[in-house]
Amino acid sequence: MEALAALSLAGNVMQFVDFSSKIISEARAIERNGESSSIVDLQRFASNSTKHAGIIKSRLQASSYTRPLSEENQHLVDLAAECEQAGHDFATYLSTFSSSRTTRNFLLNLKDGIRIRWRQEGIIAFVEKLESFQSALTLATILAFRSSVDDNNKDIVFHLKALQKSNDENSAGSIKHNEQIKNTLMIMQSHSASNLVIQQNLQNCLGKISSLHRSTPQNQTILKWLNFRQMAWRYEEICAAYQETFQWIFRPPGPTDSWDDFGSYLIGEGIDAPYFINGKAGSGKSTLLRFIVDNEQTYNRLALWAPQNQLLVLHFFFWNLGTSLQKSQTGMLRAILHEALSKHPELIPSTLPDIYRNWKDSYVNDEPTFAEMKRALELFVEKASKFLKICIFIDGLDELAGDHKELAQFIHSLTGTNIKVVVSSRPINPSVNIFRGCPTLRLQDLTRHDMDQYIRGNLVDHQAMCQMSKFDSQGAGNLVSEIKLKAEGVFLWVRLVVRLLVDGLEAGDSIMDLQRKLYSLPRDLKDLYRRMLSIILPEYQVQASEMLQMFHVWNTYTSHQPLGVVTFAFAMHPSDEAFDRPVAPLNLDQYIWLYNSTEARIQSRCCGLLEVGRDRGPMSAALDWASGEENDGSVVRYMHRTVGEFLVCGEVWKEMNEMTQNSAFNPALNLSSACLSMLKSASTITTAAALKTLFGNLINFLGSSICFEGRLLPEYMQCMEESVIKHPDLFSHLFGREGFQDGDWLRYFRSDVEKAISKHEAEPFKVLDKIPYKVGNFGQYVPPGAPLHTIDAVSQICPGID
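So the number in the working numbering is just where the residue sits in the sequence shown, counting from 1, plus 2.
Here's what the structure looks like:
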């Protein structure tokens with residue numbers, strides 16, 4: 003197919019998709035309300051879509067007179083013919099209805115309305131057929147156009163090779179043949195500018211076709227069904243690589259190196275195996291994977307493997323401390339499919355054919371199953387690999403909560419001519435066995451230079467160390483060598499030890515003191531964590547225990563939502579302070595003070611096991627702290643996921659709890675008050691999503707069996723009501739204006755607390771018998787037959803009830 007013809011044809015396909023989308027929308031409206039007034043519009047849209055289907059067919063058939071049609075183009079002709087015939091049939095069906103608006107009267111309207119009610123099946127059947135045609139025609143068009151571009155390029159290459167062969171076989175005529183090659187190249191160059199414009203316009207048309215598919219309500223609904231909030235949390239949580247580290251991954255290995263060239267893997271053709279990155283815990287695998295995914299050099303190399311506009315890059319990062327979807331095969335498949343189909347929505351019907359064909363609104367509440375997602379990815383790969391080249395990055399196979407061998411086998415099976423997979427894992431047996439013989443590297447063997455760079459940047463170049471090195475340069479050099487030797491390739495160990503040594507340096511330690519400290523530090527990460535806990539100052543140990551307990555409980559009850567610094571700051575205050583906090587947003591000075599003081603307390607109390615993300619830009623008074631702080635990097639997090647694994651070990655967690663067992667401290671109660679304080683601090687620009695999350699977290703903590711027995715519930719509810727009254731516009735979006743004005747927000751609250759209690763297996767009466775249905779200014783109702791102490795509790799907020 004010539005480029006200009008392809009461009010014109012793409013425009014016709016785009017028009018067909020556009021008109022057919024309007025038919026589907028109009029038909030759905032008729033199906034809902036049975037109105038006959040839309041029949042004229044339906045006839046017009048159907049006529050236009052039929053016309054464009056006919057044009058597509060006739061143009062392709064005309065091109066067959068000069069050159070036989072390819073298999074892809076013939077399939078496109080057949081589909082266009084079917085679309086045209088179905089359009090004619092539908093037009094005949096619509097003609098049975100009265101269509102002239104100028105002669106309509108009440109009886110005709112009534113007659114058509116009744117006929118439409120009784121004969122909707124024909125409209126519905128055509129819509130279902132049209133949706134199928136729409137998807138098939140789009141995919142066939144893309145495949146045909148890709149094939150045409152490839153065929154044109156192959157023809158040029160064939161002729162050039164033939165000329166070169168002739169040149170080699172007949173040296174006597176070499177000058178003549180060289181001239182032929184030059185002439186061919188000149189012709190190509192003379193047409194290159196116009197061809198590039200045509201190809202770009204063709205790509206734009208294909209992009210618009212995909213955009214039309216993306217905007218259809220059903221495709222949007224299916225993408226929403228695949229989506230889950232935590233898809234990118236692990237990726238976003240990983241710290242960026244230290245400056246200039248990991249650059250070696252794009253350089254070829256030396257003659258004595260025992261790892262496979264990663265850059266060559268990205269470029270290479272016909273590599274039917276994944277690239278396996280393995281390494282010890284803390285060696286930096288996730289940091290390296292994020293560095294690769296974010297690095298422009300990755301895409302430059304993949305572009306050499308995949309022609310322009312034919313590359314699709316996908317990624318997923320497992321997280322064993324996250325939600326069930328963040329550490330399951332189903333979650334991985336959903337995330338990859340969501341990203342892939344968001345970029346190529348024209349493949350939704352062929353990737354999820356049964357779901358697409360039989361979609362019902364009730365499906366939104368049904369979670370996608372593993373079997374559905376696995377089959378969907380297989381279909382996507384089968385369809386997409388005809389015109390795309392795909393590279394998938396998967397981090398943390400060992401963090402899967404499931405069968406590691408099954409996952410490793412599935413990942414291996416994905417690779418092929420047009421699909422590359424890069425996977426990282428600790429060296430667990432299933433991954434080592436399944437990926438044996440694949441291109442690989444062992445990370446702890448390759449980070450010595452990166453460690454040296456980190457040590458020099460953070461310790462050797464420290465002002466105090468520079469001064470001491472003038473008196474003992476050999477001792478300083480030995481210290482650096484000893485750190486690298488003792489680390490055994492574990493980058494995390496280096497980070498922790500350098501931090502401890504810098505603390506000593508700033509406290510006046512000499513080189514000899516630093517060497518003794520380094521010698522005493524254990525090589526094992528968990529032993530090192532225990533050592534870090536032991537050196538926390540005695541006056542801070544209880545506070546450190548409280549902080550670590552609150553962070554663990556937060557993750558447990560919120561499924562690892564990001565914990566904002568301000569929320570954590572409120573949690574560190576006595577829980578009853580939240581009741582006296584005014585209902586007013588924080589100003590910039592208050593926020594900066596809370597942020598800086600909380601960061602300082604975390605640094606001094608937790609000895610690096612907890613840290614504050616510092617990815618934010620300049621602080622601005624316009625930022626909404628209640629809904630924005632976790633989105634701009636100001637979050638509390640473990641220094642590394644192995645810290646979380648260490649803290650929940652039986653003995654360690656027992657010791658932590660023993661530090662606070664004789665006090666009134668309860669982590670869930672403090673977190674309840676923190677959520678209440680955040681609710682009171684909501685501003686006029688706080689989003690409904692943020693309010694919903696705050697309410698949900700507050701309910702979770704109040705319903706927790708470990709924290710609440712109902713004694714403080716009236717105070718919490720009174721404060722909540724104050725917030726609702728103070729910001730009616732905000733909360734009306736959350737509860738719906740009608741329900742909000744009637745006070746039904748409390749009914750929703752009661753229902754959600756009931757679910758939370760059930761989830762935590764608490765005794766319902768402890769909380770529920772003190773939650774009225776309506777309180778305060780919104781009404782004076784209590785549950786029917788409520789016990790006396792319920793009425794007493796309600797009367798504390800609703801004087802006058804008896």
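All C-beta atoms, glycine included, are put in the ideal place defined by N, C-alpha and C.
Check, Outcome
"Cβ pair count under 8 Å reaching 3, the segment 318-331 against the segment 395-403", "yes"
"Alpha-carbon to alpha-carbon, PHE697 and ASP584", "First, the amino acid is wrong: residue 584 is Pro here, not Asp. When rounded, the distance between both Cα atoms is 18 Å."
"Stretch pair the segment 529-538 + the segment 598-605: three plus CB contacts closer than 8 Å", "no"
"Whole-angstrom distance between LYS287 and GLU541, CA atom to CA atom", "37 Å"
"Length of the line joining the Cα atoms of LYS422 and ASP262", "15 Å"
"Rounded C-alpha distance that separates ILE708 from VAL637", "Because ILE708 sits at a pLDDT of 49, beneath the cut-off of 50, its placement in the model cannot be relied upon, and the point is left open."
"Helix, strand or coil at HIS451 [DSSP, three-state]", "helix"
"Close Cβ partners of LEU596 (< 6 Å) along its chain, the five nearest in sequence each way excluded", "VAL568 and ALA571"
"Simplified DSSP state of HIS340, which is helix, strand or coil", "helix"
"Coarse secondary structure for ASN280, derived from DSSP in three states", "strand"
"Burial state of MET641 (16 or more Cβ within 10 Å)", "buried"
"Start-to-end residues for the beta strand (DSSP E) that takes in ARG872", "The first residue shown for the chain is 3 and the last is 804, placing residue 872 beyond what the model contains."
"Length-filtered (4 minimum) alpha helix (DSSP H) runs lying within the segment 422-510", "431-436, 450-457, 465-471, 475-489 and 493-508"
"Run of the beta strand (DSSP E) containing HIS414, from where it starts to where it stops", "Here HIS414 belongs to no beta strand (DSSP E); instead the alpha helix (DSSP H) covers 406-416."
"Inter-stretch contact at 8 Å, needing at least 3 Cβ pairs: the segment 226-235 / the segment 328-345", "yes"
"Extent of the continuous alpha helix (DSSP H) run through ASP515", "513-522"
"Through-space distance from TYR718 to TYR244, alpha-carbon basis", "45 Å"
"CA nearest to the CA of GLU369, picked from LEU416, ARG428 and LEU225", "LEU225"
"Closest by C-alpha distance to LEU313, when choosing among ALA82, SER665, LYS391 and THR644", "LYS391"
"Contact check, ALA573 vs LYS682, beta carbons under 9 Å", "no"
"Alpha-carbon to alpha-carbon, PHE248 and ASP259", "16 Å"
"Whether LEU673 touches LEU611 by CB criterion (9 Å)", "no"
"contact_flag[the segment 453-461, the segment 416-430] where n(CB pairs < 8 Å) is 3 or more", "no"
"Same chain, Cβ closer than 6 Å to ILE294, neighbours up to 5 away in sequence not counted", "THR300"
"Rounded distance between the beta-carbons of THR419 and LYS385, thought under 8 Å", "In fact, because the Cβ distance is near 15 Å, the residues do not count as touching under 8 Å."
"Where the beta strand (DSSP E) through LEU316 begins and ends", "313-319"
"Which residues DSSP lists as bridging LYS694, in chain order", "According to DSSP, which records beta bridges pairwise, LYS694 is partnered with nothing at all."
"C-beta contact flag for CYS609 and ILE727 at 9 Å", "no"
"Alpha carbon of ASN360 to alpha carbon of ASN664, nearest angstrom", "59 Å"
"8 Å contact criterion, which ILE279 and LEU416 should meet: CB distance rounded", "Contact doesn't hold; Cβ gap of about 16 Å is too wide."
"Beta carbon of VAL425 nearer than 9 Å to that of ALA403", "no"
"Collapsed DSSP secondary structure at SER667 in the structure displayed", "Sequence inspection shows Phe at residue 667; the Ser mentioned does not correspond to that position. Of the three classes helix, strand and coil, the one that applies to PHE667 here is coil, per DSSP."
"Backbone secondary structure at ASP626 - three-state DSSP", "Low per-residue confidence applies at ASP626: pLDDT is 47, beneath 50, and the placement is therefore not dependable, though the value from the model is reported in the following sentence. The answer is coil: DSSP assigns ASP626 none of H, G, I, E or B."
"Sequence-distant residues of the same chain with beta carbon closer than 7 Å to LYS329, five excluded per side", "PHE320, TRP321, ASN322, GLU401, LEU402 and ALA403"
"Contact check, ARG497 vs PRO564, beta carbons under 9 Å", "no"
"Cut-off 6 Å between Cβ atoms - residues of its own chain near GLY477, not counting five sequence neighbours on either side", "ILE513"
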